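Written below as structure tokens is the structure these notes are about.
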Amino acid sequence: MNFERWHALHSLYADYAAALDARDLARWPDFFTDDGRYKLQSRENFDRGLPLAMLAFESKAMLKDRVFGAAETIYHDPYHQRHVVGVPRVLSEGADGLRCEASYVVIRTKRDGLPEILSVGRTLDRIVDTPQGLRFAERCVVFDNDLVPNSIVDPI
Amino acid sequence: MNFERWHALHSLYADYAAALDARDLARWPDFFTDDGRYKLQSRENFDRGLPLAMLAFESKAMLKDRVFGAAETIYHDPYHQRHVVGVPRVLSEGADGLRCEASYVVIRTKRDGLPEILSVGRTLDRIVDTPQGLRFAERCVVFDNDLVPNSIVDPI
Amino acid sequence: MNFERWHALHSLYADYAAALDARDLARWPDFFTDDGRYKLQSRENFDRGLPLAMLAFESKAMLKDRVFGAAETIYHDPYHQRHVVGVPRVLSEGADGLRCEASYVVIRTKRDGLPEILSVGRTLDRIVDTPQGLRFAERCVVFDNDLVPNSIVDPI
């Protein structure tokens, strides 16, 4: 891992979080490969190998469908969200890409409300080189808090 | 962006946060150029291009004046604050400096109280080279939570 | 400080946090030298130079004893914890190692509960080269919140 590659990796993480926090949801699928997978799952289920997930998508097309849902059809109280993400740890690098992990906390603020912790946990990621740069082939967001205040509309 | 420059940039961010968290307010203006600007503004106003800001200073002399105010004249319940700051994203680099963005959360703890989120949001910064190293020519702190628990005394 | 060394340093911090957040307590002593010291102390006492600490250990053997206590003997409500750690600042490098500081927040989630801030503060560390890589010769965790919700079982 040299600096150039580390910087590209970190930028992928930071740009991903910034796009979501700006609610620029249309950009979200572009952080993934065409067959990229995304899963949002409780730590309790992840640790036990149980399949139930809060969100699970298996292609960029499914991600785009979710963006349409979140932006156009789900009726919800408006809120801001903000990621604070630790520097990713590189767990391994192989023919199928980089496997990385990062801790995160997402803080939600509703209008005229105090900030509250919406989600806290870690991401487990597989990242691959593409002609457009590094992209997520898999992103699994494992959240510690199985009780979510209200509901999660936007991706984490 | 090579490692040396990235490290200098990151150190500016980290040293800034550490000085404030240690309540070493006298050092705060020194992170800015002589005509450095500092603004603390709600995301709601920032996004709409409205001018109202919670704090707005247009020179290092104004920053020093604020330090005097915060340290010597404002009567307030004592508290500790702690920044946790994401690694800055470099948005562009040009003749007028580096434009960067970073997410932050500031956690406040009052004596005998539980920690609470005081402010969460991002900084939008313009950073320039000076003979003393990298300094903020502009720092705009855009906070998500328009409702602030109690009040903000020290800079963010 | 070149990139390779910075990366090793950051990895020490990130691996330490990940091991604790995975509750892989048996690994915790291995982040220290044989005579490594660990202290968990309130900012109030640290700032005044008072000796009272919540935890204080003076060797790897004492750390192992604590792991046994935390894992096997202390009866407590189960919880998950999650560190989000800022990038460490290198304060100095000398014959006795690297002196570094990093901000942290630890978020605790109890089963069926909302996440809450368990501890927030900074670590003051002395890190040395060993044949196994970088290790903590001293880690002093100084927490801002002298009021701890419930109690701290696992190390921070």
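Each protein sequence line maps, in turn, to chains A, B and C.
Numbering of the first sequence is given in our numbering, commencing with residue 3 and proceeding in unit increments.
Numbering of the second sequence is given in our numbering, commencing with residue 3 and proceeding in unit increments.
Numbering of the third sequence is given in our numbering, commencing with residue 3 and proceeding in unit increments.
We put the beta carbon where it would ideally sit given N, CA and C, even for glycine.
None of these values were measured; they are calculated from a predicted model.
Helix, strand or coil, according to DSSP, for residue i in the structure here?
i, result
"A/A10", "helix"
"B/D17", "helix"
Say whether chain B places a C-beta atom closer than 7 Å to the C-beta of residue i.
i, result
"A/D2", "The structure shown does not extend to residue 2 of chain A, since chain A spans only 3 to 158, so no value can be given for it."
"C/D146", "yes"
"A/F5", "yes"
On the premise that residue j lies in contact with residue i, defined as a C-beta separation below 8 Å, what is that separation, rounded to the nearest angstrom?
i, j, result
"C/C127", "C/C102", "It should be noted that the sequence gives Asp, not Cys, for residue 127 of chain C. That belief holds up - the Cβ atoms of C/D127 and C/C102 are roughly 5 Å apart, short of 8 Å."
"C/A19", "A/S44", "Not quite, the Cβ-Cβ distance comes to about 21 Å (not below 8 Å), so this is no contact."
"A/H85", "A/V108", "5 Å"
"B/Y81", "B/R110", "5 Å"
"B/L22", "B/Q83", "7 Å"
"B/Y40", "B/F48", "Rounded, the Cβ-Cβ distance is 14 Å, inconsistent with contact."
"A/A139", "A/G38", "6 Å"
"A/N147", "C/P117", "5 Å"
"C/L42", "C/P90", "The pair is not a contact, with the Cβ atoms about 18 Å apart (cut-off 8 Å)."
"A/I129", "A/L100", "4 Å"
"C/D156", "C/A72", "6 Å"
"C/G115", "A/L149", "6 Å"
"A/D36", "A/S61", "7 Å"
Checking contacts by CB at 7 Å: is residue i closer than that to chain A?
i, result
"B/L149", "yes"
"C/H78", "no"
Got a sec: is the Cβ-Cβ distance from residue i to anything in chain C below 7 Å?
i, result
"B/A16", "yes"
field: Runs of beta strand (DSSP E) lying entirely within the segment 20-79 of chain A, each at least 3 residues, in chain order
entry: 34-44 and 57-59
message: Output needed in chain order: residues of the segment 84-115 of chain B with a Cβ under 7 Å from some Cβ in chain C.
response: Against chain C - using a Cβ distance shorter than 7 Å - the residues of the segment 84-115 of chain B are R84, H85, V86, V87, V89, I109, T111, D114 and G115.
- request: Residues of the segment 30-54 of chain C with a CB closer than 7 Å to any CB of chain A: list them in chain order, please.
  value: none
field: Near-chain A residues of the segment 117-139 of chain B (beta-carbon distance less than 9 Å), N- to C-terminal order
entry: E118, I119, L120, S121, V122, G123 and R124
query: Whole beta strand (DSSP E) runs in the segment 98-129 of chain A with 3 or more residues, listed along the chain?
result: You should have 99-112.
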